[in-house]
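J.: Numbering (the UniProt record's numbering), first residue to last: 1 to 584. No residue lacks a Cβ here, since even glycine has one placed at the ideal position from N, Cα and C. One structure follows; several queries about it will come next.
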Amino acid sequence: MSHTPASSLPPPAIPKRCFPKRLRDINLFSPIALLISLATCTLIVYPMIVVILNVFIADGSSTLTLLHQIVDDRIVGVLFNTVAVIGASVIVATVIGSLFAWLVERTDIGMKGLTRFLPMLPVLVPPIAGAIGWVLLASPRSGFLNRWALSLGSMLGIESTQAVINIYSWGGLVFVFSIYLLPNVFLSVSSHLKNLDPAIEEAARMSGAGAWQTLTKVTIPSVKPAVMAGMILALIMGLSLFSLPAVIGMPADVELLAVRIVKLMTASYPPQTGTALMLALIVAVVIGSAWWAQSRILAGRNFSTIGGRGLRTAEIKLGIYRTPAQILLLLYLAVSSVLPFFALVVVSFQPFWTPVIRFQNLGLSNYKNVFIDTAYSQSALINSVFLGMLGATVGMALAAVIAFFIDRNRKSLAAAAIDSTTKLPAAVSHLVIAIAFVVSFSGAPFYLHGTILILLLAYVVLYIPQATLSASTALSQVGPQLSEAALMAGASQGRVFLRVTLPLMLPGLVAGWTLLFVLISGDITASAMLAGSRNPVVGFVILELWSNGSFPQLAALGTVITLLSSAVVLTTMHLSNRGMRNAR
Numbered sequence: 001m002s003h004t005p006a007s008s009l010p011p012p013a014i015p016k017r018c019f020p021k022r023l024r025d026i027n028l029f030s031p032i033a034l035l036i037s038l039a040t041c042t043l044i045v046y047p048m049i050v051v052i053l054n055v056f057i058a059d060g061s062s063t064l065t066l067l068h069q070i071v072d073d074r075i076v077g078v079l080f081n082t083v084a085v086i087g088a089s090v091i092v093a094t095v096i097g098s099l100f101a102w103l104v105e106r107t108d109i110g111m112k113g114l115t116r117f118l119p120m121l122p123v124l125v126p127p128i129a130g131a132i133g134w135v136l137l138a139s140p141r142s143g144f145l146n147r148w149a150l151s152l153g154s155m156l157g158i159e160s161t162q163a164v165i166n167i168y169s170w171g172g173l174v175f176v177f178s179i180y181l182l183p184n185v186f187l188s189v190s191s192h193l194k195n196l197d198p199a200i201e202e203a204a205r206m207s208g209a210g211a212w213q214t215l216t217k218v219t220i221p222s223v224k225p226a227v228m229a230g231m232i233l234a235l236i237m238g239l240s241l242f243s244l245p246a247v248i249g250m251p252a253d254v255e256l257l258a259v260r261i262v263k264l265m266t267a268s269y270p271p272q273t274g275t276a277l278m279l280a281l282i283v284a285v286v287i288g289s290a291w292w293a294q295s296r297i298l299a300g301r302n303f304s305t306i307g308g309r310g311l312r313t314a315e316i317k318l319g320i321y322r323t324p325a326q327i328l329l330l331l332y333l334a335v336s337s338v339l340p341f342f343a344l345v346v347v348s349f350q351p352f353w354t355p356v357i358r359f360q361n362l363g364l365s366n367y368k369n370v371f372i373d374t375a376y377s378q379s380a381l382i383n384s385v386f387l388g389m390l391g392a393t394v395g396m397a398l399a400a401v402i403a404f405f406i407d408r409n410r411k412s413l414a415a416a417a418i419d420s421t422t423k424l425p426a427a428v429s430h431l432v433i434a435i436a437f438v439v440s441f442s443g444a445p446f447y448l449h450g451t452i453l454i455l456l457l458a459y460v461v462l463y464i465p466q467a468t469l470s471a472s473t474a475l476s477q478v479g480p481q482l483s484e485a486a487l488m489a490g491a492s493q494g495r496v497f498l499r500v501t502l503p504l505m506l507p508g509l510v511a512g513w514t515l516l517f518v519l520i521s522g523d524i525t526a527s528a529m530l531a532g533s534r535n536p537v538v539g540f541v542i543l544e545l546w547s548n549g550s551f552p553q554l555a556a557l558g559t560v561i562t563l564l565s566s567a568v569v570l571t572t573m574h575l576s577n578r579g580m581r582n583a584r
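Printed below as a string of structure tokens:
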């Protein structure tokens with residue numbers, strides 16, 4: 001048999017797919033993800049830089065001139081009111097929120113279905129709707145609770161014309177603020193308690209420590225970082241909330257900083273931008289100081305936390321205190337959502353607001369007036385739903401890409417910078433960000449004043465921290481094995497993200513989308529300064545109806561937005577739970 005020399009053999013044919021495969025091997029996803037992340041960070045940082053520059057030279061006024069205007073405006077009294085109300089509310093929310101977290105995570109209180117739902121309750125009733133609901137309940141003259149209390153007293157032979165509850169007071173303002181700040185502390189502390197190594201508490205009990213000693217000597221010191229983080233989150237939210245001081249504080253003659261800033265930007269002509277920016281800077285300094293104080297207090301301290309997975313500490317038996325603890329949780333359920341929503345629904349069916357409920361006078365005329373006869377309200381509802389859906393979709397899409405990029409480039413300086421920048425809006429008052437967007441994008445060269453686009457961009461920036469947190473949490477639950485196997489099989493990083501990682505992240509992303517939709521559709525802080533007659537949203541229209549005294553129409557609009565938020569949240573929770581059951 002003859003053998004052909006190897007040198008005379010023709011060269012092997014080049015596979016036709018070799019060149020396309022080489023193209024596919026080029027990693028285009030990382031630079032695209034980097035560009036998306038940098039564009040998002042630019043949208044966050046650019047308005048902040050503009051604000052800082054304008055604080056020192058704004059409208060031709062020097063910083064000393066602006067400080068003089070602040071003193072002339074008697075802002076010292078407003079600052080005192082703000083410190084007193086927000087400070088007291090944060091303390092109340094911290095104490096009760098931490099107590100609730102301990103009861104839920106460490107005791108036999110039961111009612112697990114309700115307790116897991118507890119943090120979402122204020123989300124179901126947006127702050128503006130909750131504030132109006134409590135006005136309808138506890139107004140001195142026409143509040144339902146006051147009318148019922150006086151009627152009950154009359155039946156018992158106690159004649160009085162003085163209101164039992166006055167929501168237009170310092171106490172009323174602190175009460176409603178505390179309701180909406182409490183979930184920040186609850187979520188922070190309960191999450192920490194879930195991951196707290198149960199062996200630490202078990203060791204204390206084994207050494208003879210009782211439940212009280214274990215709580216005060218072991219549990220509380222261990223959750224101190226979470227308590228402080230929850231306090232700072234509550235402080236940020238308290239300084240950002242505009243609806244509560246506008247609806248309850250102004251009639252009580254208790255003006256807070258948030259109301260003064262919005263009035264300077266919207267109720268003055270021309271807008272006193274420089275003074276508003278200086279006040280916004282005060283808010284930013286307070287929040288920054290709180291973060292700095294936390295880091296100094298916790299620096300160098302070792303807080304034991306996470307232990308082995310699957311371990312569970314023995315539940316503390318509440319004994320005779322179990323029923324009072326359950327009543328306390330049910331009371332929070334009532335005051336945070338049930339009672340204010342009840343008041344909204346009743347007044348929405350009345351021809352005019354009255355504490356006397358006459359069933360023959362109830363009807364749907366307010367809903368017809370708001371949603372059929374008035375095109376302005378229709379536009380506001382459509383815009384809010386549209387912005388909620390689009391803003392949530394854009395926000396979660398950006399967050400998913402950013403979270404994936406950060407996860408794949410953990411040790412790079414760029415990933416660390418992007419991670420810090422996307423968390424920046426969580427440490428800055430929403431009022432500051434809203435003013436930054438007014439100053440940066442309303443005039444040249446963008447001219448976005450009065451457009452839907454400026455609202456969309458502002459909403460994305462405001463809530464990108466929540467979006468990235470949800471996306472990062474969803475990504476952390478996806479093991480690296482599948483994506484590594486896909487990469488080994490020759491798939492590009494972009495294909496791995498779209499075909500493998502993203503579908504597995506979907507349940508967490510949907511939960512994040514739901515949160516963003518509710519927050520955006522019910523937003524009022526940014527809407528108060530960025531919305532107008534050309535781009536109305538629900539929060540802006542509710543404020544107008546409140547100013548005009550149109551309480552029944554206002555209640556109808558508040559009822560609809562509350563039902564819409566509740567429907568979205570409950571539907572998402574149902575689908576998520578069903579998906580988890582099917583996965584098992």
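(1) Using DSSP's beta-bridge definition, name the partner residues of Ile86.
(2) For Ser181, collect the residues of the same chain with a Cβ closer than 7 Å to its Cβ; drop the 5 residues on either side in sequence, then sort them by chain order.
(3) Looking at the structure shown, is Thr107 part of a helix, part of a strand, or coil, going by DSSP?
(4) Thinking C-beta only, is Ser336 closer than 7 Å to Val189?
(5) Could you tell me which residues DSSP puts in a beta bridge with Ile316?
(6) For Ser37, which of helix, strand or coil comes out of DSSP?
(7) By the three-class DSSP mapping on this structure, what secondary structure does Arg22 have?
(8) Quick check: what's the CA-CA separation for Ala375 versus Ala458?
(9) Kindly list the residues whose CB is nearer than 8 Å to the CB of Asp108, restricted to its own chain and excluding five residues on each side of it in sequence; keep chain order.
(10) Beta-carbon separation of Leu173 and Ile96 under 7 Å?
(11) Between Ala416 and Gly143, what straight-line distance do the alpha-carbon atoms span, to the nearest angstrom?
(12) Give me the Cα-Cα distance between Ala283 and Ser429, rounded to the nearest whole angstrom.
(13) Assuming Gly133 contacts Leu344 (C-beta within less than 8 Å), just tell me the rounded distance between them.
(14) Which class does Val356 belong to by DSSP, given the choice of helix, strand or coil?
(15) Rounded to whole angstroms, how far is the Cβ of Ile158 from the Cβ of Ala138, which I believe are closer than 8 Å?
(16) Tell me the DSSP secondary structure of Glu544 in three-state form.
(17) Label Thr571 either buried or exposed according to how many other C-beta atoms from any shown protein chain fall within 10 Å of its C-beta, with 16 as the threshold for buried.
(18) Secondary structure at Thr374, three-state DSSP: helix, strand or coil?
(19) Return the Cβ separation of Ser243 and Pro127 in integer angstroms, given the expectation that the two are a contact with Cβ distance under 8 Å.
(20) Using the C-alpha atoms, what's the distance from Ala33 back to Val500?
(21) Do you know offhand how far residue 586's Cα is from Pro251's?
(22) Compute the minimum distance between the beta carbon of Ser154 and the heavy atoms of the ligand MN, and state whether it is under 6 Å.
(23) With a cut-off of 8 Å, do at least 3 Cβ pairs link the stretch 551-565 to the stretch 347-361?
(24) Please state whether the Cβ-Cβ distance between Met396 and Ala467 is less than 7 Å.
(25) For Val518 versus Ser527, is the C-beta distance shorter than 7 Å?
(26) Where in the stretch 415-445 do unbroken runs of the alpha helix (DSSP H), each at least 4 residues long, occur, reported from the N-terminal end onward?
(27) Relative to the C-alpha of Gly512, which residue among Val83, Ala39, Ala400 is closest?
(28) What's the gap between the Cα of Leu448 and the Cα of Pro340?
(29) Assign Met396 to one of three DSSP states: helix, strand, or coil.
(30) For Met155, count neighbouring Cβ atoms within 10 angstroms of its own Cβ and tell me buried if that reaches 16, exposed if not.
(31) Would the beta-carbon of Thr562 fall within 7 Å of that of Ala129?
(32) Rounding to the nearest angstrom, what Cα-Cα distance links Ile452 and Thr40 in this structure?
(33) Using only the alpha-carbon positions, how far apart do Val461 and Ile49 sit?
(34) Would you kindly check if the distance between the Cβ of Thr275 and the Cβ of Leu257 is under 7 Å?
(35) For Ala567, which residues in the same chain have their Cβ closer than 8 Å to its Cβ, ignoring the five residues on either side in sequence?
(36) In three-state terms, what does DSSP make of Gln326?
T.: Taking the definition as stated:
(1) BP columns for Ile86 are empty, so no partner.
(2) Ser is not the amino acid found at residue 181; the sequence shown has Leu there. Excluding positions up to five away in sequence, the list reads Ser89, Val90, Ala93, Ala234, Met237, Gly238.
(3) strand
(4) no
(5) Thr107
(6) helix
(7) Because Arg22 carries a pLDDT of 42, less than 50, the predicted location of this residue cannot be relied on, and no value is offered for it.
(8) 25 Å
(9) Glu315, Ile316, Lys317, Leu318, Arg322
(10) no
(11) 52 Å
(12) Note that residue 283 is Val in the sequence shown here, rather than Ala. Using only the alpha carbons, I get a separation of about 7 Å.
(13) 5 Å
(14) coil
(15) With a Cβ gap of about 19 Å, Ile158 and Ala138 do not count as contacting.
(16) DSSP places Glu544 in helix when its eight states are reduced to three.
(17) exposed
(18) coil
(19) 5 Å
(20) 17 Å
(21) Beyond the ends of the chain as shown, which are 1 and 584, falls residue 586; an answer cannot be given.
(22) With respect to small molecules bound, the structure shown includes none, and the ligand MN cannot be examined in it.
(23) Yes, the stretch 551-565 is in contact with the stretch 347-361.
(24) yes
(25) No; because the gap between Cβ atoms is not below 7 Å, this pair is not in contact.
(26) 430-441
(27) Ala400
(28) 36 Å
(29) Here DSSP, grouped into helix, strand and coil, assigns Met396 to helix.
(30) exposed
(31) yes
(32) Ile452 and Thr40: Cα-Cα distance of roughly 18 Å.
(33) 14 Å
(34) no
(35) In its own chain, leaving out the 5 sequence neighbours on each side, no residue places its CB closer than 8 Å to the CB of Ala567.
(36) helix
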